[in-house]
Amino acid sequence: MNISKVDEINSLYRRLIEAWNKRDAKGMAELFTEQGIQIGFDGSKMVGREDILSHLASIFENHPTAPFVTKVKDVRAIGTDTAIVQAIAGMIPPGKTDIEPTVNALQTLVAVNKDGNWKIELFQNTPAQFHGRPELVEQMTDELRRLINE
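For this note's numbering, add 24 to where a residue sits in the sequence shown, where the first one is 1.
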């Protein structure tokens, strides 16, 4: 995959994370295709921009959401107009200064190029608890912590 395409896809993912961190439901929803899918940390599934907007607006209105600290681990092309982003994510709870390891996640984003614009077809935020392997939780948390201090 060429560098400019990787940059465009990384930019799409960054804009999604920035919108979450700003608690901007509309900004997040606009990044999806018309029938894009978002699967939340708790397994909630939203289909389409309107559903995503409604669900996120409710979350942001009713919960003090924590900002993400993320690191893209891989961007992979699938053909010419589709790509997958794999990232790791941690969250710093409101009022805290450190990542809360119990909410670490693996994030997967499927991006599609529609008429020259990259949009999100699927975003999934999966808990990364690595049951029985606490050292992996610790490794991920340490990797994300290094980003806070950069």
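Using N, Cα and C, we set each Cβ at its ideal position, and we do this for glycine too.
Would Ile108 and Leu130 be called neighbours here (beta carbons separated by less than 9 Å)? For the purposes of this step, residue 108 is identified with residue 84 of the sequence shown, where counting begins at 1. For the purposes of this step, residue 130 is identified with residue 106 of the sequence shown, where counting begins at 1. Going by beta carbons, Ile108 and Leu130 fall outside the 9 Å limit.
In angstroms with no decimal places, state the Cα-to-Cα distance between Ser35 and Asn173. For the purposes of this step, residue 35 is taken as the residue at position 11 of the sequence shown. For the purposes of this step, residue 173 is taken as the residue at position 149 of the sequence shown. About 22 Å.
In the DSSP assignment, find the alpha helix (DSSP H) that holds Leu55 and state where it starts and stops. Taking the sequence shown and counting its residues from 1, one reaches residue 55 at position 31. Note, Leu55: premise wrong, no alpha helix (DSSP H); not H, not E.
Residue nearest to Pro158 in terms of C-alpha spacing, selected from Leu171, Thr104, Asn128, Asn26: As a first step, residue 158 is located in the sequence shown; it is residue number 134 there, counting from the start. Per the Cα distances, Asn128.
Hey, Thr94 and Ile83: beta-carbon distance below 9 Å or not? As a working mapping, residue 94 is identified with position 70 in the sequence shown. As a working mapping, residue 83 is identified with position 59 in the sequence shown. No.
Beta-carbon proximity list for Glu124, same chain, < 8 Å, skipping 5 on both sides: Along the sequence shown, one-based indexing puts residue 124 at 100. Answer for Glu124: Ala90, Gly114, Met115, Ile116, Pro117, listed in chain order.
Between the CA atoms of Trp142 and Glu32 - distance to the nearest angstrom: Sequence index remark: in the sequence shown, residue 32 carries index 8 (1-based). Sequence index remark: in the sequence shown, residue 142 carries index 118 (1-based). Glu32 and Trp142 have their alpha carbons spaced roughly 7 Å apart.
CA-to-CA distance, Gln59 to Asp75, given in whole angstroms: The sequence position of residue 75 within the sequence shown is 51, counting from 1. The sequence position of residue 59 within the sequence shown is 35, counting from 1. Cα atoms of Asp75 and Gln59: separation of roughly 9 Å, rounded to the nearest angstrom.
DSSP state of Pro118 mapped onto helix, strand, coil: Within the sequence shown, numbered from 1, the residue matching residue 118 stands at position 94. Pro118: coil per DSSP, three-state reduction.
I'd like to check one pair, Gln148 with Val161: are the Cβ atoms closer than 9 Å? Counting from one through the sequence shown, the residue named residue 161 turns up at place 137. Counting from one through the sequence shown, the residue named residue 148 turns up at place 124. Their beta carbons are not under 9 Å apart, which means Val161 does not touch Gln148 by this criterion.
Other residues of its chain near Ala63: CB distance less than 6 Å, five sequence neighbours each side excluded: Your numbering for residue 63 matches position 39 in the sequence shown. At residue 63 the sequence reads Ile, which differs from the Ala that was named. Once the five neighbours on either side are set aside, the close Cβ partners of Ile63 are Lys69, Gln148.
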